[in-house]
Structure formats: C-alpha cells, structure tokens
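What follows is a set of notes on a single structure, which appears directly below.
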Amino acid sequence: MSSPNGFTAAAVAPSTNGAGARPTLQHAVLDLRDPPVGKTSLQPGASRGQIEFQFNPKELTIAKSAKWERNAQKGSKKSAVPQYGGPEPSKLTLEMFLDASAKQDDAVVKTVEKLFQCCVPTDESHEKKMGTPPWVVFRWGGITSFTAYVKSVSVKYTLFTAAGVPIRGIATVNLEEIAGEQGGQNPTSGALAARSVHTVGAGDTLQSLAA
Numbered sequence: 004m005s006s007p008n009g010f011t012a013a014a015v016a017p018s019t020n021g022a023g024a025r026p027t028l029q030h031a032v033l034d035l036r037d038p039p040v041g042k043t044s045l046q047p048g049a050s051r052g053q054i055e056f057q058f059n060p061k062e063l064t065i066a067k068s069a070k071w072e073r074n075a076q077k078g079s080k081k082s083a084v085p086q087y088g089g090p091e092p093s094k095l096t097l098e099m100f101l102d103a104s105a106k107q108d109d110a111v112v113k114t115v116e117k118l119f120q121c122c123v124p125t126d127e128s129h130e131k132k133m134g135t136p137p138w139v140v141f142r143w144g145g146i147t148s149f150t151a152y153v154k155s156v157s158v159k160y161t162l163f164t165a166a167g168v169p170i171r172g173i174a175t176v177n178l179e180e181i182a183g184e185q186g187g188q189n190p191t192s193g194a195l196a197a198r199s200v201h202t203v204g205a206g207d208t209l210q211s212l213a214a
C-alpha cells in the first residue's frame, strides 16, 4: 500500500566546496517526463528536460483530502453517518519568482512558455492520438514529490522594459498527483468471493450457480 505522504525525503548530506565552506546552493527543479506509452500505464517515460527555479521557493503548500458522502434522510433530525469514498489526489502548490531585469531579455517569457507547455499534449502523444501533457516531478535536493500533472499555471507580471517585454513576474503552479494505485476494473475486482472457481456440469442453471 502506497504512503499518503506527499514527499519522499532522502538522507542527503549537504554538499560543500571544502572544509569550513558554506553548503552549496541546490536549485529546485521541475523534472519533465514523457507520458506513458500505454493508456493504463503509471510508469512515466523518458526525460524531457527540466525547468529550473531561478530562485528557490519561499514556501510550498501541499494538501491531501478524503472523500466522504452522506445520504440525507428526509425528515430526520440528525445527519446520516458518512461513508468513506476513498482518498483524493495529493496537491502541491508552489511559486516561481522570475527575474530578467539584469539583462532585460526574454528569459522570463521563455520560462513561462515552458510552464504553459506542461498543460498541453506533447507532440509525440498528439501524433499517436493520445493527447497527453508531460508528467512532472518536483525535486529539491533530497526532496522528491509525487508524480503529477500540471493542473494550472498562472503568471503575474510585475515589471516590463520600455518596449513592453515582461522581465519580472511570479508564476503559481498547481500540481496534482497521478493515481498511484489502480482500482478494480469491475464491481467484483479484489473481492475474495470472485476468486472462487466452479466447474459447470450437466443440468446446472444460472439460478443454481447463483445459489
């Protein structure tokens, strides 16, 4: 059974440049992967490169919730007992601060374009008529997130050149977990009773088999 924890943290010793030196700064990245070849596969494909954080995030917001349902009874004075409907996917929200004010080039625009490309199908999957965006894993030093897809990207530009080119902004990226376990494919999948075997003989009927 998979862990509900959103991050996998490896015990990595801080890298240094020598005795007495400060630890080497490690930049967070979004690791992009090809979507699986098979429609039911949960194994990501080859690497599609990385989107490196220019500045490491100041905070990360991770959320996990469960689905509960209540069947309201008309005329009842109390609410019905909730029924557990399963876990919701983990969600990770992060901010990327983008700044190209030193060179005043189009670096910010190019990074935003890479983020937006995570919300549209890859060319390879489009040619195969599958239409799937790349899968994403957030990594920062020894921390690795769940395998996810980019649910949404929003960017607020805060500084422009005299020609109107955005050179500073904040991108908010929302990641949602790809399912880690596949459920049963029919109502009896996983049921112990469905694993029993009966050899049909002469005179058997549907009624007798059901009994």
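The number in my numbering is simply the position in the sequence shown, starting from 1, with 3 added.
The beta carbon of each residue, even a glycine, is placed where N, CA and C say it ideally should be.
For Gln86, same chain residues with a beta-carbon under 6 angstroms away, outside a window of 5 residues either side, are Glu72 in chain order. Taking a contact as a CB-CB distance under 8 angstroms, the pair Val153 and Val176 counts as one, their CB atoms being some 6 angstroms apart. Met99 is bridged by DSSP to Ala174.
Nearest Cα to Val156 within the set Gly172, Lys81, Ala103 and Ile146: Gly172.
For Leu35, DSSP records a beta bridge to Val139. Judged by beta-carbon spacing, Asp37 lies beyond the 8 angstroms limit of Gly52, meaning their Cβ atoms are not closer than that value. Assigned with DSSP and collapsed to three states, Phe56 falls in coil, not helix or strand. Non-local beta-carbon contacts of Thr147 in its own chain, meaning distances under 6 angstroms to residues more than five positions away in sequence, involve Thr11 in chain order. Out of Lys70, Pro92, Pro124 and Phe163, the CA that lies nearest to the CA of Val112 is found in Phe163.
For Ser93, the number of other beta carbons within 10 angstroms of its own is at least 16, and it is reported as buried.
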